[in-house]
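Chains as they are written, first to last, in this note's numbering: chain S, 77 to 240; chain W, 77 to 240.
For glycine and all other residues, C-beta sits at the position ideal for the given N, C-alpha and C.
Protein chains: 2
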Amino acid sequence: MVGGTPHDVSVATALSDKTMGAGRLRRLPTRLLSLAAIDSDRRVNEKLATVDARRWHYAVLATLEEFGPQSQAELSSRTGIYRSDLVTVINELVDRSLVERAPDSTDRRRNLVTLTAPGRRHLVKLDALLAEVENEVLAPLSPAQREQLTRLLTVLVDHHSRQM
Amino acid sequence: MVGGTPHDVSVATALSDKTMGAGRLRRLPTRLLSLAAIDSDRRVNEKLATVDARRWHYAVLATLEEFGPQSQAELSSRTGIYRSDLVTVINELVDRSLVERAPDSTDRRRNLVTLTAPGRRHLVKLDALLAEVENEVLAPLSPAQREQLTRLLTVLVDHHSRQM
DNA sequence: TCCAATTCGTTCGTCTGACTAACGTTTGAC
DNA sequence: GTCAAACGTTAGTCAGACGAACGAATTGGA
């Protein structure tokens with residue numbers, strides 16, 4: 077048996093048992109966020125893998141279509157991809173002829189990344205695939221709930237990303 | 077319905093949106109989920125690191141308190157930690173004397189993992205820390221919105237985790 | 001005008017987490 | 001008694017987040 081030191085564990089039980097109820101884990105928002113994102117990410121990756129794409133490909137292509145040709149630094153800050161990782165992503169997109177990378181004549185430190193016609197077409201395809209995934213991920217939610225979730229998450233993300 | 081907030085979606089008017097409105101990236105739920113989770117995870121990890129803990133430590137300790145002593149396989153399915161990764165987590169917890177791992181006499185394939193008194197105390201501390209993080213993460217949301225978000229995420233997670 | 005600080009792209013490397021494969025031991029079903 | 005499955009474990013892959021540093025180019029200030 078345990079030798080001596082009869083510790084009273086009332087400290088632990090007093091706080092947790094009745095006040096928090098069961099399933100503290102199951103209701104922990106940070107954990108829910110993690111789990112939901114893991115599942116969502118996995119589905120996105122699987123779906124995009126069917127057309128030899130990765131998540132970041134979409135982010136870059138969509139940003140290029142929205143804001144036009146731009147430097148990698150701009151792409152980095154707009155997509156949230158780290159500058160160092162962006163290099164690889166652009167390489168992959170160039171390999172697939174979806175974007176072009178050329179030195180900026182007005183500022184030779186920069187590269188101008190431009191969406192190509194195939195890239196634009198590819199983006200349309202990715203849009204469709206992501207719409208499918210979105211439907212899978214949000215399957216148990218009504219349209220109103222989906223809108224709600226999107227709104228809440230937007231508030232969170234915007235709030236935590238406004239000092240760059 | 078989305079009551080209140082009259083001008084909510086106002087970004088889409090600038091560009092020629094034949095296929096889709098502008099800001100498709102910013103409103104993509106799967107992406108929002110990812111970004112929110114990344115931020116949340118980072119904060120959780122930083123906070124837990126201050127007491128030499130990791131995220132999974134909490135999951136295991138909380139599960140042990142809720143369901144009592146159990147095998148690693150049970151812990152795995154309840155926490156979502158892969159069996160292979162769980163080994164390391166249990167090792168770390170054993171090193172810190174927060175749990176005990178002993179062979180199950182009734183089934184010698186299994187290990188029975190048991191929460192110790194220090195483990196119980198540690199769990200209380202982690203609870204407090206996670207409450208702080210939760211406040212940071214959900215800062216821009218009202219209590220009602222936090223409840224809403226938790227509910228929506230719970231629906232998602234429950235729906236996608238019922239094949240074990 | 002010249003020098004210092006900054007920006008940009010890039011390389012390299014670290015760290016964590018999700019996930020698979022395989023293997024020996026043990027158990028239960030047949 | 002045999003065989004399939006469950007269990008814990010080891011090893012390893014892969015992607016993503018993140019930091020450090022560096023050369024080339026640019027900008028701003030003395």
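Beta-bridge analysis with DSSP links P179 (chain S) to S:N187. With a 10 Å radius around the Cβ and a threshold of 16 neighbouring Cβ atoms, K123 (chain W) comes out buried. Annotation: the continuous alpha helix (DSSP H) that includes V200 (chain S) extends over A193 to V213. A distance below 7 Å between beta-carbons, with the five flanking residues on each side excluded, links R107 (chain S) to the following residues of its chain, in chain order: L101.
Assignment of S110 (chain W) by DSSP, reduced to helix, strand and coil, places it in the helix class. Under DSSP, Q146 (chain W) takes part in a beta bridge, and its partners are W:V189. In the displayed model, I166 (chain W) falls within a helix according to three-state DSSP.
Between the region 135 to 149 of chain W and the region 164 to 180 of chain W there are three or more inter-stretch CB-CB distances shorter than 8 Å, so the stretches are counted as touching. If you check each beta-carbon in the region 130 to 156 of chain S against every beta-carbon of chain W, the ones closer than 9 Å belong to R131, Y134, A135, A138, T139, E141, E142, R154, T155 and G156. The C-alpha of L217 (chain S) is placed about 8 Å away from the C-alpha of L232 (chain W). Boundaries for H236 (chain W): no alpha helix (DSSP H) harbours it, and the DSSP string shows neither H nor E there. Counting along the chain, no alpha helix (DSSP H) covers R102 (chain W), and no H or E run does either.
Between the C-alpha atoms of L169 (chain S) and H133 (chain S) there is a straight-line separation of about 7 Å.
When DSSP states are grouped into helix, strand and coil, A220 (chain S) belongs to the helix group.
By the CB criterion at 7 Å, D115 (chain S) and H236 (chain W) fall inside the cutoff.
Nearest CB-CB separation between V175 (chain S) and chain W: not below the 7 Å threshold.
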